[in-house]
Amino acid sequence: YAICKATSGAMGGSASEEFLAVAAAGEDTFVRATEGDYAANVEAVVTPVPEEIDFTNLPAAQDHETPDSETIDTLVAWARAEGITIDGRQVEANDTLKCMMVKITQPGEEPALAGVLIPGGRALAPKRLEAALEPATFELATEEDFKENPFLVKGYVGPRGLNANGVKVYADPRVVSGSSWITGADAKNRHVVGLVAGRDFQVEQFVEASEIHEGDPAPEGQGTLTLKRGIELGHIFQLGRKYTEAFDVRILDENGKRAIPTMGSYGIGVSRMMAVLAEQRHDEKGLNWPLDVAPYQVHVAVANKDEEATKAGNALVGALDKAGVEVLFDDRPKVSPGVKFKDAELLGMPFCAILGRSFKDGIIELRIRGGETFEVKSDDIVDELLQRLGRK
């Protein structure tokens, strides 16, 4: 199977490993680098940080009237209509800066208002922000929060206003010192152009909060990122003392002294493995179970209404069972041979022994799922199957 190990180091000091099976219908999104062996789930991707920019000669920020520009699209449209350029080119969404208002709750503390700055061309990625803030939790600010804090003007919040009102500012790693942005001016229908990080506003903490895009730079210079879907088969969280210290957990060690425990979490998704097998081992006819994990190794189907065929089918099942082979026996008397054949393909056991028309000539049809079909003498079928199963 195409198995990808996704490693994480974005857990605030702890580390984790997830084991993913590539599957288009998977519930998890992960990335792979186009060069090298880097792979990670999206929560764990570390954004390559741009170099800081010397802002000594950058022009001062300017406030502008920006009627009806509460969204990134309308703000970009306004900037282009006004002829505003960035390094000689038209303004794009990623030249603007979103200021997402959240409430962050640290263990044992009350929720605190905070702002999260991300480039305007990206959306907030809740899972990435959750991973970056652990063990703290967050929720989006509500209408009530905006009403209780008049300096928050919805659609026009900017980092200057947050700094001035003592609200902690988190930011995407791309918001490096010297980077210049178009962002809210903390007043209705007003934005500021050329607001420079490190000069006009300060960031207290950088966090991985933005969604990952196809083609983003991969960490460690390994090309760019491609997005894939996968099914999480298992994980290992090397939590260390992150949570035990945060929640002041103490135990008595082997010497009877109080100590801080070290944590780890390990899990395998047994039921998910079946989903992976279904995704990766099937064809247009149905499932195709690998021999080692098949629910039954042999599917015996009596596709002949002759009483002797039924007796022979029972005898074959008994002989295989005695030899320790797991057998699925289809002896339904009122079901047509065609239906039995289709059901056998759909269920996908590795071997299917069919007692059909040829049985009157002492022949049993042996079908290998996804492979060839053989005619085997009825007296030899048990030995043939045991040999193919490695039991002889």
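Read in order, the letters of the sequence shown are residues 1212 to 1603 in the working numbering.
Using N, Cα and C, we set each Cβ at its ideal position, and we do this for glycine too.
Would residue i be called buried (16 or more neighbouring beta carbons within 10 Å of its own) or exposed?
{"i": "E1419", "result": "buried"}
{"i": "E1320", "result": "exposed"}
{"i": "T1282", "result": "exposed"}
{"i": "P1544", "result": "exposed"}
{"i": "H1424", "result": "exposed"}
{"i": "Q1273", "result": "exposed"}
{"i": "E1586", "result": "exposed"}
{"i": "G1605", "result": "An answer regarding residue 1605 cannot be provided, because it is not within the stretch 1212 to 1603 covered by the chain."}
{"i": "P1561", "result": "buried"}
According to DSSP, is residue i part of a helix, a strand, or is it coil?
{"i": "W1289", "result": "helix"}
{"i": "T1560", "result": "Note that residue 1560 corresponds to Met in the displayed sequence, not to Thr. Reduced to three states, the DSSP call for M1560 is coil."}
{"i": "E1443", "result": "strand"}
{"i": "A1244", "result": "strand"}
{"i": "R1371", "result": "helix"}
{"i": "S1280", "result": "coil"}
{"i": "V1418", "result": "coil"}
{"i": "L1531", "result": "helix"}
Report yes if the C-beta distance between residue i and residue j is below 9 Å; otherwise report no.
{"i": "L1308", "j": "I1393", "result": "yes"}
{"i": "V1253", "j": "T1245", "result": "no"}
{"i": "A1382", "j": "L1328", "result": "yes"}
{"i": "I1579", "j": "S1589", "result": "no"}
{"i": "H1275", "j": "V1403", "result": "yes"}
{"i": "A1384", "j": "T1258", "result": "The sequence as given places Pro at residue 1384; Ala does not occur at that position. Yes, they are a contact pair."}
{"i": "S1237", "j": "E1415", "result": "The amino acid at residue 1237 is misidentified as Ser; the sequence shows Gly. No; because the gap between Cβ atoms is not below 9 Å, this pair is not in contact."}
{"i": "F1606", "j": "E1355", "result": "Residue 1606 falls outside the range modelled here, since the chain spans only 1212 to 1603, and no answer is possible."}
{"i": "R1568", "j": "A1514", "result": "yes"}
{"i": "I1565", "j": "A1526", "result": "no"}
When you compare only the Cα positions, how much space is there between residue i and residue j?
{"i": "D1494", "j": "S1476", "result": "36 Å"}
{"i": "I1295", "j": "L1335", "result": "26 Å"}
{"i": "G1445", "j": "I1479", "result": "4 Å"}
{"i": "L1600", "j": "L1531", "result": "11 Å"}
{"i": "D1279", "j": "A1288", "result": "11 Å"}
{"i": "C1310", "j": "F1417", "result": "14 Å"}
{"i": "N1374", "j": "A1323", "result": "14 Å"}
{"i": "E1583", "j": "T1473", "result": "54 Å"}
{"i": "E1345", "j": "I1315", "result": "10 Å"}
{"i": "E1556", "j": "K1496", "result": "6 Å"}
{"i": "V1487", "j": "Y1507", "result": "18 Å"}
**Sufficient close CB pairs (3 or more, under 8 Å) joining the region 1503-1521 to the region 1458-1467** = The answer is no - the region 1458-1467 does not touch the region 1503-1521, with fewer than three Cβ pairs under 8 Å.
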